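Protein chains in written order, with the working numbering: chain H, 910 to 1149; chain F, 910 to 1149.
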């Protein structure tokens, strides 16, 4: 039988500070602190544990990403009883975008917890958002689905996500395309075929070019909007 | 205060037979039978309820698909503690493929429950798998995450999914590509550029053509295998 209760015991361990800091940002004390340590360990700071697998946060990120997706699906299902599944799918992709997760991570101050090795190359800009996803994976394993769900609803969605803005916001296809091309390490460029300032009808014609092939083209009075539309065409032909 | 308990009450309702049939295949009595009725209603048999939204199973399918993904992610995370997230992601996509869900639906006998209107066009081959996903959405809403999780583990994954086979099975890129092209209504063809039977090195060269452009090409001694490889190239260039 343990002499001390859990919360008393951590007062005497080296994890005391981490426990307290997590309590401050999460609103609860972790039960299994090791899970949270893993969640904040970027692969650049990880060591091999077995068969080529590292003790980084990538497995927890895989799990957390899925848990967030389900909690958001449930939330949208109940919030919008008269919207079809196309709307729900679109809203979910806005709510769980990489950009959104990076913002949430920043608001929670997760970068203070992240363990990474800056000397090594290849630390992606998504390191904070990835740690956020891994953190949700850790909470899910530590406390169960309903606890993680309550945490996401009360501490994240209701506080950090502006639903009204998301409902009206157009999908940003240019960012979506750029994000994909960076992940896939593809080079691309937007080419102004016709400059609206010097054309009689004032329309810009923009080509989006990848591997020297035009994968999207669009016309608009605004150059920015033409780029968005060309990216939308490209996204559609790429199947997303 | 209700005079009868829930299970007594359903004995006297017109839903009695459905309740009993569901008990037989699911192993429990539904609490909210309306959810299960929705889960089995294909959009061809649905009616408009409000603002262009139908009372079909598509919203539940959206939710159930996500719940299955999370339960499978958790299952794989725990079953394979020394596999990286790339392996987990690949295994999950095999476990939750459309093909897999259609098979599960067939084994559960779900087609007997599905309400569809055959006179209308456009009933897809995935109608059974879609109803299975919607059914999981209904169980989740009716009984909660942990109940749905237990159902999936004990009645589906442990019974109907051959994990050993899935671990060793290659990803079927040809099916994956065909599935995608049908969803996106794209036409394509595999073209035999060089017939191995009549070529000196016995290699088949296969092109996969979409919109009159070669989107994948491959060589192999087996024509079937060359098609698979060409589809893999196409899938990679499409970003999945």
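Quick reminder that beta carbons are idealized off the backbone N, C-alpha and C, glycines included.
From a predicted model like this one, the values you see are computed outputs, not experimental measurements.
query	result
Cβ-based contacts, 8 angstroms cut-off: residues of the segment 982 to 1000 of chain H near chain F	982, 983, 986, 991, 992, 993, 994, 997 and 998
Those residues which DSSP pairs with residue 1024 (chain F) across a bridge	F:950
Chain H within 8 angstroms of residue 911 (chain F), Cβ atoms only	Residue placement at residue 911 (chain F) is flagged as unreliable, the pLDDT there being 48, under the threshold of 50; the coordinate-derived value follows with that caveat. Answer no: the Cβ-Cβ gap between residue 911 (chain F) and chain H never drops below 8 angstroms.
CB contact below 8 angstroms: residue 1117 (chain F) versus chain H	no
Unbroken beta strand (DSSP E) run spanning residue 1132 (chain F), endpoints	Element bounds for residue 1132 (chain F): not the beta strand (DSSP E) but the alpha helix (DSSP H), 1132 to 1147.
Within-8 angstroms CB hit, residue 968 (chain F) to chain H	yes
Per-residue DSSP class, three states only, for residue 905 (chain F)	Since the first and last residues shown for chain F are 910 and 1149, residue 905 (chain F) lies out of range.
Buried versus exposed call for residue 1034 (chain F) [16 or more other C-beta atoms within 10 Å across all chains shown]	exposed
Where residue 1020 (chain F) falls, given that 16 or more other Cβ within 10 Å makes a residue buried	exposed
Where residue 978 (chain F) meets chain H, residues with beta-carbon distance less than 9 angstroms	975, 978 and 979
Unbroken beta strand (DSSP E) run spanning residue 1122 (chain H), endpoints	1122 to 1129
Coil, strand or helix - residue 1070 (chain H) by DSSP	coil
Residue closest to residue 949 (chain F), alpha-carbon to alpha-carbon, out of F:961, F:973 and F:960	F:973
Under 8 angstroms by beta carbon: chain F residues contacting residue 962 (chain H)	991, 992 and 993
In chain order, each alpha helix (DSSP H) run of at least 4 residues that lies wholly inside the segment 976 to 1030 of chain H	994 to 1004 and 1007 to 1017
Run of the alpha helix (DSSP H) containing residue 1088 (chain F), from where it starts to where it stops	1082 to 1092
CB contact check: residue 927 (chain F) to chain H, cutoff 8 angstroms	no
Contacting residues, own chain, Cβ-Cβ under 7 angstroms from residue 957 (chain H) (five flanking each side not counted)	963
Same chain, Cβ closer than 7 angstroms to residue 924 (chain F), five either side skipped, listed in chain order	942
Minimum Cβ-Cβ distance from residue 1054 (chain F) to chain H less than 8 angstroms	yes
Option in F:1138, F:1121, F:1119 and F:1120 with minimal Cα separation from residue 1128 (chain F)	F:1138
Exposed unless 16 or more other CB atoms sit within 10 angstroms - verdict on residue 1087 (chain H)	exposed
Any C-beta of chain F under 8 angstroms from that of residue 1083 (chain H)	no
Beta-carbon contacts of residue 1136 (chain F) that lie in its chain and below 7 angstroms, excluding the five residues immediately before and after	1083, 1099 and 1115
Cα-Cα separation, residue 1079 (chain F) to residue 1089 (chain F)	18 angstroms
Contacts around residue 1108 (chain F), its chain only, beta-carbon distance under 6 angstroms, and the 5 residues preceding and following it disregarded	none
Near-chain F residues of the segment 1035 to 1066 of chain H - C-beta to any C-beta below 9 angstroms	1046, 1049, 1050, 1053, 1054, 1055 and 1058
Cβ-based neighbour list, residue 996 (chain F), same chain, cut-off 8 angstroms, excluding 5 preceding and 5 following	989
Where residue 1101 (chain H) sits in the DSSP three-state scheme	strand
Option in H:1113, H:1063, H:1040 and H:1124 with minimal Cα separation from residue 936 (chain H)	H:1063
Alpha carbon of residue 953 (chain F) to alpha carbon of residue 1018 (chain F), nearest angstrom	20 angstroms
N- and C-terminal bounds of the alpha helix (DSSP H) containing residue 957 (chain H)	Taken as a continuous stretch (DSSP letters only), residue 957 (chain H) belongs to no alpha helix (DSSP H), being part of the beta strand (DSSP E) at 957 to 959.
Cβ of residue 959 (chain H) within 8 angstroms of any chain F Cβ	yes
Beta-carbon proximity of residue 998 (chain F) to residue 971 (chain H), cut-off 8 angstroms	yes
Through-space distance from residue 975 (chain H) to residue 960 (chain H), alpha-carbon basis	25 angstroms
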